[in-house]
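S.K.: Residue numbers (the numbering used here), protein chains in the order written: chain A, 30 to 273; chain B, 272 to 704. The beta-carbon is built from N, C-alpha and C at its ideal position, and this holds for glycine as well. Before anything else, here's the structure in question.
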Amino acid sequence: MAGETIRLINIWLTYASSGTAGEPVLRGIDLDVQAGEFLAIHGRSGSGKTTLLHMIGGILPPTKGEVVVGSHSLFSLNDLDLSAFRNRKIGFIFQSYHLAPTLTAVENAMVPALLAGQSLAQARKRAMETLNEVGLSDKADARPAEMSGGQMQRVAIARALVNDPAILLADEPTGNLDAQTGVEILALLGRYHLERRLTVLMATHDSSVEMHATHQLYLTGGQLQPLRSGDDQAFAERSHEANP
Amino acid sequence: MKLRHVAFFLRRNLRRRGGRTLTAVGAIAVAMTIFHLMAALALALRSEVLAKIQVIFPEHTLIVRPRTLDIGPLAFSPGLLTARLTPDTAHRLADQPEIKAVWPQLPLTMPAMAVGSLAGYEGSTDIVAYGVPADMVKSEVMGARGFKYADPATSTMPVLVSRFFVDMFNLGLAEGQGLPKLTDTAVIGRHFQLLVGASLLSLDVKPEQVRKVECEIVGLTHNPALLGVAVPLEYVREFNRWYHGSKATENYAQVHVVIRSPEDYEAVIQKLESWGLQVEGQRDTARRLRLAVNGAALIVLLFGLAALAMAAVIIVNTFALIMLERRGEIGLLRAVGATRRATMGLLLAESVLLALVGGTIGSGVAWAASRLANQVLARWLPPFSLAPSYWLDERIGLFAFCVILAVVGGAVATAPMLWRSVRRWPADLLRES
Numbered sequence: 030m031a032g033e034t035i036r037l038i039n040i041w042l043t044y045a046s047s048g049t050a051g052e053p054v055l056r057g058i059d060l061d062v063q064a065g066e067f068l069a070i071h072g073r074s075g076s077g078k079t080t081l082l083h084m085i086g087g088i089l090p091p092t093k094g095e096v097v098v099g100s101h102s103l104f105s106l107n108d109l110d111l112s113a114f115r116n117r118k119i120g121f122i123f124q125s126y127h128l129a130p131t132l133t134a135v136e137n138a139m140v141p142a143l144l145a146g147q148s149l150a151q152a153r154k155r156a157m158e159t160l161n162e163v164g165l166s167d168k169a170d171a172r173p174a175e176m177s178g179g180q181m182q183r184v185a186i187a188r189a190l191v192n193d194p195a196i197l198l199a200d201e202p203t204g205n206l207d208a209q210t211g212v213e214i215l216a217l218l219g220r221y222h223l224e225r226r227l228t229v230l231m232a233t234h235d236s237s238v239e240m241h242a243t244h245q246l247y248l249t250g251g252q253l254q255p256l257r258s259g260d261d262q263a264f265a266e267r268s269h270e271a272n273p
Numbered sequence: 272m273k274l275r276h277v278a279f280f281l282r283r284n285l286r287r288r289g290g291r292t293l294t295a296v297g298a299i300a301v302a303m304t305i306f307h308l309m310a311a312l313a314l315a316l317r318s319e320v321l322a323k324i325q326v327i328f329p330e331h332t333l334i335v336r337p338r339t340l341d342i343g344p345l346a347f348s349p350g351l352l353t354a355r356l357t358p359d360t361a362h363r364l365a366d367q368p369e370i371k372a373v374w375p376q377l378p379l380t381m382p383a384m385a386v387g388s389l390a391g392y393e394g395s396t397d398i399v400a401y402g403v404p405a406d407m408v409k410s411e412v413m414g415a416r417g418f419k420y421a422d423p424a425t426s427t428m429p430v431l432v433s434r435f436f437v438d439m440f441n442l443g444l445a446e447g448q449g450l451p452k453l454t455d456t457a458v459i460g461r462h463f464q465l466l467v468g469a470s471l472l473s474l475d476v477k478p479e480q481v482r483k484v485e486c487e488i489v490g491l492t493h494n495p496a497l498l499g500v501a502v503p504l505e506y507v508r509e510f511n512r513w514y515h516g517s518k519a520t521e522n523y524a525q526v527h528v529v530i531r532s533p534e535d536y537e538a539v540i541q542k543l544e545s546w547g548l549q550v551e552g553q554r555d556t557a558r559r560l561r562l563a564v565n566g567a568a569l570i571v572l573l574f575g576l577a578a579l580a581m582a583a584v585i586i587v588n589t590f591a592l593i594m595l596e597r598r599g600e601i602g603l604l605r606a607v608g609a610t611r612r613a614t615m616g617l618l619l620a621e622s623v624l625l626a627l628v629g630g631t632i633g634s635g636v637a638w639a640a641s642r643l644a645n646q647v648l649a650r651w652l653p654p655f656s657l658a659p660s661y662w663l664d665e666r667i668g669l670f671a672f673c674v675i676l677a678v679v680g681g682a683v684a685t686a687p688m689l690w691r692s693v694r695r696w697p698a699d700l701l702r703e704s
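Written out as structure tokens, the structure reads:
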């Protein structure tokens with residue numbers, strides 16, 4: 030499925046804490062992402078990158094503002110339509126994988142296909158194809174506890190791609206992986222972006238994403254700023270976090 | 272979500288969450304076993320004991336006798352001062368609009384002796400006999416002979432024997448002399464001879480005036496007014512006339528009066544007492560006994576419900592833990608496209624399935640235990656007429672009820688927390704997992 034446009038209009042988010050509103054995490058963000066774009070969002074831990082992806086994925090509403098994907102204002106959709114949107118249009122790769130521990134790799138990858146109404150046989154076939162694409166067909170029957178971090182992330186990518194989504198949201202997909210595996214995963218996502226013309230949004234600390242990203246932004250103080258060419262602020266902060 | 276997909280997730284979840292699944296199923300099974308057994312006991316108490324109370328103390332029946340004049344330990348029935356229970360009185364009673372039925376009880380007014388054999392032993396005993404109408408005892412007549420008059424010279428006389436008489440034999444004579452105990456099936460259909468006019472005890476016997484009557488036992492009666500044997504009224508009338516000639520009394524010893532409506536109870540008593548009759552009602556006794564039995568049944572049932580309530584707390588806690596563990600799973604399902612309804616349906620199906628399995632096992636065990644207990648108690652306890660024929664209700668309906676209760680309980684106990692979980696935003700569930 031070809032990519033979709035994404036528009037964020039004056040997005041604010043404040044997490045309520047013990048019944049009182051805390052400091053806003055996102056402060057009036059406006060963003061336009063073109064179909065087929067690969068946007069990398071950098072920022073310190075806790076800056077709101079994950080929150081932003083959750084909103085675009087329709088799994089967390091903003092306190093104020095509007096998220097428009099394609100022609101749909103997400104949070105004005107009812108549960109049925111919003112669920113269908115998440116299922117068909119979005120592929121979400123979580124930093125901590127979020128694989129169901131009771132399911133095998135292929136079964137985890139099947140879940141969105143089953144929710145889309147495919148038969149068990151169709152879903153299994155499609156999940157096997159996707160696992161094959163991410164190079165994990167030999168681990169199809171392994172459960173998450175029997176896999177490495179890189180393998181689990183590949184299963185999560187297979188699950189995200191199984192319904193051929195228009196938008197791929199990747200939340201620090203290399204955050205829990207060693208450097209070599211991280212490079213491989215980024216290469217895989219870059220390949221999908223090019224081959225399928227997906228719209229990709231990736232929250233990351235990883236500097237090597239610049240090889241694949243068409244645009245890069247930096248989230249700080251609840252607002253998005255362009256990551257200027259030669260500006261290594263984000264990477265410097267990342268290095269500082271890694272080696273304080 | 273399609274049913275096959277639900278089955279797909281259920282199979283994997285239940286198989287791979289063995290510990291929690293077993294805890295939940297075990298808690299439900301134990302609770303349903305206890306509840307089922309308590310309910311079975313309460314139902315047996317109600318149906319068996321209340322039925323016996325109804326027979327022994329019929330609420331709508333009044334026992335009417337000639338009024339007695341009590342002087343110290345002696346009681347007289349002076350005919351000049353009180354009404355007699357003549358057939359005319361019985362007809363007059365039957366004509367009253369508040370009275371539904373009148374069942375006179377005519378005493379055999381000469382000695383009588385039963386002679387028969389049992390398990391190879393010959394035996395004889397003096398016996399009290401009453402004549403009663405067939406309507407009065409129709410629910411207790413089981414023999415094929417029925418309870419009808421037929422010429423005693425050419426056919427057997429149908430006889431109802433008091434269950435208390437059988438108790439006396441079983442608990443006394445049989446125990447003492449090592450004789451086989453009598454059951455209903457062993458007694459009904461048995462023949463013996465009634466020697467009308469003969470007695471082992473009385474000196475006032477005319478040896479030349481003894482009549483042999485072949486009898487067949489056609490049923491057993493709980494009615495305490497029929498202590499001894501009861502035969503169709505016409506036989507007693509005939510025997511009295513044969514023995515006493517023109518001096519034979521036609522008056523009844525007592526009359527059982529069945530009133531139409533409980534509301535007329537007091538009014539009928541007052542009316543009959545104003546006729547010079549003595550009236551004895553069973554309503555208050557029956558009510559007190561019923562209250563006691565219902566109270567006991569309620570207490571037993573409350574114990575069962577308490578067990579159920581405790582189990583419900585365990586089950587809710589277990590499911591709450593499962594839900595807590597599975598917040599991430601719920602969040603993920605919602606994040607990848609499961610609707611609230613589908614997610615709720617999937618998790619609810621899981622809890623309902625656990626409740627169904629636990630309920631079926633628990634209630635099934637209780638049902639089997641009830642059957643076993645009834646059989647063991649029936650063999651182990653001495654037979655006596657007031658003993659319930661069963662101690663724990665074995666009806667399959669109770670089993671079905673308990674299974675349904677477990678399923679509904681499981682759904683009701685888990686639905687609110689499931690609903691709270693699926694209503695939350697997936698990102699919040701994922702963040703907390």
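Return helix, strand or coil for asparagine 39 of chain A, following the three-state DSSP convention.
M.R.: Taking the first sequence and counting its residues from 1, the one referred to as residue 39 of chain A is at position 10. Asparagine 39 of chain A: strand per DSSP, three-state reduction.
S.K.: Name, in chain order, the residues that DSSP records as bridge partners for histidine 462 of chain B.
M.R.: The residue you call residue 462 of chain B lines up with position 191 of the second sequence. DSSP, once it has assigned bridges, lists B:Glu487 as partnering histidine 462 of chain B.
S.K.: For proline 382 of chain B, which residues in the same chain have their Cβ closer than 7 angstroms to its Cβ, ignoring the five residues on either side in sequence?
M.R.: Here the question's residue 382 of chain B lines up with position 111 in the second sequence. Within the same chain, proline 382 of chain B has close Cβ partners Asp397, Gly468, Ala469, Ser470, Ser473, Val476.
S.K.: Could you tell me whether the Cβ of alanine 698 of chain B comes closer than 8 angstroms to any Cβ of chain A?
M.R.: The residue you call residue 698 of chain B lines up with position 427 of the second sequence. Chain A contact via Cβ: present.
S.K.: On a CA-only basis, which of A:Gly87, A:Lys93, A:Leu160 is nearest aspartate 108 of chain A? Give me that one, please.
M.R.: Sequence index remark: in the first sequence, residue 108 of chain A carries index 79 (1-based). Comparing Cα-Cα distances from aspartate 108 of chain A to each of A:Gly87, A:Lys93, A:Leu160, the minimum goes to A:Gly87.
S.K.: Ends of the beta strand (DSSP E) at serine 622 of chain B?
M.R.: Residue numbering aside, residue 622 of chain B sits at position 351 when the second sequence is read from its first letter. Run containing serine 622 of chain B: none in the beta strand (DSSP E); it sits in the alpha helix (DSSP H), 611-651.
S.K.: Alpha carbon to alpha carbon, what distance is there between phenylalanine 121 of chain A and serine 692 of chain B?
M.R.: Here residue 692 of chain B refers to the residue found at position 421 when the second sequence is read from its first residue. Here residue 121 of chain A refers to the residue found at position 92 when the first sequence is read from its first residue. When rounded, the distance between both Cα atoms is 21 angstroms.
S.K.: For valine 674 of chain B, which residues from the same chain have a beta carbon less than 6 angstroms from its beta carbon, with the 5 sequence-adjacent residues on both sides left out?
M.R.: For this step, residue 674 of chain B is matched to residue 403 along the second sequence. The answer, listed in chain order, is Gly630, Thr631, Ser634.
S.K.: Out of B:Val296, B:Val326, B:Gly297, B:Leu316, point me to the one whose CA is closest to threonine 556 of chain B's CA.
M.R.: Taking the second sequence and counting its residues from 1, one reaches residue 556 of chain B at position 285. For threonine 556 of chain B, the nearest C-alpha among the options comes from B:Val326.
S.K.: What residues from the stretch 129-141 of chain A come within 9 angstroms of chain B, judged by C-beta to C-beta, listed N to C?
M.R.: Cβ contacts with chain B come from Ala129, Pro130, Thr131, Leu132, Thr133, Glu136, Met139, Val140, Pro141.
S.K.: With 8 angstroms as the threshold, decide whether the Cβ of alanine 265 of chain A is near any Cβ in chain B.
M.R.: As a working note, residue 265 of chain A is residue 236 in the first sequence. For alanine 265 of chain A, the pLDDT reaches just 47, beneath the cut-off of 50, and the residue's location in the model is therefore unreliable, leaving the point undetermined.
S.K.: State the DSSP-derived secondary structure class of leucine 197 of chain A, mapped to helix, strand or coil.
M.R.: Locating residue 197 of chain A in the first sequence gives position 168, where the first residue counts as 1. Leucine 197 of chain A falls in the strand class under three-state DSSP.
S.K.: Rounded to whole angstroms, what is the Cα-Cα separation between glutamate 213 of chain A and glutamine 180 of chain A?
M.R.: On the first sequence, residue 213 of chain A is found 184 positions in, with the first residue counted as 1. On the first sequence, residue 180 of chain A is found 151 positions in, with the first residue counted as 1. Near 11 angstroms, if we compare the C-alpha coordinates of glutamine 180 of chain A and glutamate 213 of chain A.
S.K.: Can you say whether tyrosine 126 of chain A is buried or exposed, counting buried as having 16 or more other CB atoms within 10 angstroms of its CB?
M.R.: The residue you call residue 126 of chain A lines up with position 97 of the first sequence. Buried: at least 16 other Cβ atoms inside 10 Å.
S.K.: How long is the line joining the alpha carbons of tyrosine 247 of chain A and histidine 71 of chain A, rounded to whole angstroms?
M.R.: To locate residue 247 of chain A, count along the first sequence from 1; it is residue 218. To locate residue 71 of chain A, count along the first sequence from 1; it is residue 42. About 5 angstroms.
S.K.: Go through its chain and collect everything with a Cβ distance to asparagine 272 of chain A's Cβ below 7 angstroms, but skip five positions before and after it.
M.R.: Residue mapping note: residue 272 of chain A aligns to position 243 of the first sequence, counting from 1. With a pLDDT of 40 at asparagine 272 of chain A, under the threshold of 50, the modelled position of that residue is not reliable, and the figure given next carries that caveat. If we look at asparagine 272 of chain A and ignore the five residues flanking it on each side, it has no Cβ neighbours.
S.K.: Just list the residues that DSSP pairs lysine 93 of chain A with in beta bridges.
M.R.: Here residue 93 of chain A corresponds to residue number 64 of the first sequence, with the count starting at 1. The partner list for lysine 93 of chain A (beta bridge, DSSP) reads A:Trp41.
S.K.: Name the chain B residues whose beta carbon is nearer than 7 angstroms to that of aspartate 108 of chain A?
M.R.: Counted from its first residue, the first sequence places residue 108 of chain A at position 79. Neighbours of aspartate 108 of chain A on chain B, chain order: Thr610, Arg611.
S.K.: Could you work out which residues of chain A lie near arginine 283 of chain B, taking near to mean beta carbons separated by less than 9 angstroms?
M.R.: Residue mapping note: residue 283 of chain B aligns to position 12 of the second sequence, counting from 1. Correct list: Ala129, Thr131, Leu132, Thr133, Glu136.
S.K.: How many Å lie between glycine 616 of chain B and tryptophan 690 of chain B at the Cα?
M.R.: The count along the second sequence starts at 1 and reaches residue 616 of chain B at position 345. The count along the second sequence starts at 1 and reaches residue 690 of chain B at position 419. Answer to the nearest angstrom: the Cα atoms are 10 angstroms apart.
S.K.: Could you name the residues of the stretch 553-583 of chain B whose beta carbon sits closer than 7 angstroms to any beta carbon of chain A, in the order they occur along the chain?
M.R.: Cβ contacts with chain A come from no residue of the stretch 553-583 of chain B.
S.K.: Can you tell me whether DSSP reads valine 587 of chain B as helix, strand or coil?
M.R.: As a first step, residue 587 of chain B must be located in the second sequence, where it is residue number 316. The answer is helix: DSSP assigns valine 587 of chain B an H, G or I state.
S.K.: Three or more C-beta pairs under 8 angstroms: does that hold for the stretch 404-423 of chain B against the stretch 368-375 of chain B?
M.R.: Yes: at least three Cβ pairs fall under 8 angstroms.
S.K.: Cα separation between leucine 333 of chain B and valine 623 of chain B?
M.R.: Against the second sequence, residue 333 of chain B aligns to sequence position 62. Against the second sequence, residue 623 of chain B aligns to sequence position 352. If I take the Cα positions, the gap works out to 54 angstroms.
S.K.: When the cut-off is 8 angstroms and only beta carbons count, does alanine 620 of chain B lie next to chain A?
M.R.: Counting from 1 along the second sequence, the entry for residue 620 of chain B is found at position 349. So, not an interface residue.
S.K.: For glycine 178 of chain A versus leucine 197 of chain A, is the C-beta spacing smaller than 8 angstroms?
M.R.: On the first sequence, position 149 is the one that residue 178 of chain A refers to. On the first sequence, position 168 is the one that residue 197 of chain A refers to. The answer is no: Cβ separation not under 8 angstroms.
S.K.: From what residue to what residue does the alpha helix (DSSP H) around leucine 223 of chain A run?
M.R.: Within the first sequence, the letter at position 194 stands for residue 223 of chain A. Where leucine 223 of chain A is concerned, the enclosing alpha helix (DSSP H) stretches over 208-225.
S.K.: Which full runs of the alpha helix (DSSP H) of 4+ residues lie inside the stretch 273-350 of chain B, going along the chain?
M.R.: Qualifying alpha helix (DSSP H) stretches, in chain order: 274-287, 289-315, 321-327.
S.K.: Does any C-beta atom of chain B lie closer than 8 angstroms to the C-beta of arginine 73 of chain A?
M.R.: The count along the first sequence starts at 1 and reaches residue 73 of chain A at position 44. Not one chain B Cβ lies under 8 angstroms of arginine 73 of chain A.
S.K.: Residues of the stretch 85-100 of chain A in Cβ contact with chain B at a cutoff of 8 angstroms, in chain order, please.
M.R.: Under the 8 angstroms Cβ criterion, the stretch 85-100 of chain A contributes Gly86, Ile88, Leu89, Pro90.
S.K.: Can at least three beta-carbon pairs, one atom from the stretch 651-670 of chain B and one from the stretch 566-576 of chain B, be found at a separation below 8 angstroms?
M.R.: Touching, no, given that fewer than three Cβ pairs across the two stretches are closer than 8 angstroms.
S.K.: Label aspartate 59 of chain A either buried or exposed according to how many other C-beta atoms from any shown protein chain fall within 10 Å of its C-beta, with 16 as the threshold for buried.
M.R.: Residue 59 of chain A sits at position 30 when you count from the first residue of the first sequence. Aspartate 59 of chain A comes out exposed.
S.K.: Give the DSSP-derived three-state secondary structure of serine 237 of chain A in the structure shown.
M.R.: Working through the first sequence from its first residue, we reach residue 237 of chain A at position 208. Serine 237 of chain A falls in the helix class under three-state DSSP.
S.K.: Is it right to say methionine 231 of chain A is buried, meaning 16 or more other beta carbons lie within 10 angstroms of its own, or is it exposed?
M.R.: What you label residue 231 of chain A is simply residue 202 of the first sequence in a count that begins at 1. Methionine 231 of chain A is buried by the Cβ-count criterion.
S.K.: So, is the C-beta of arginine 691 of chain B closer than 8 angstroms to a C-beta in chain C?
M.R.: The structure shown contains no chain C; its protein chains are A and B.
S.K.: Can you tell me whether histidine 515 of chain B is buried or exposed, with buried defined as 16 or more other CB within 10 angstroms of its CB?
M.R.: Looking up residue 515 of chain B in the second sequence gives position 244. So histidine 515 of chain B ends up on the exposed side.
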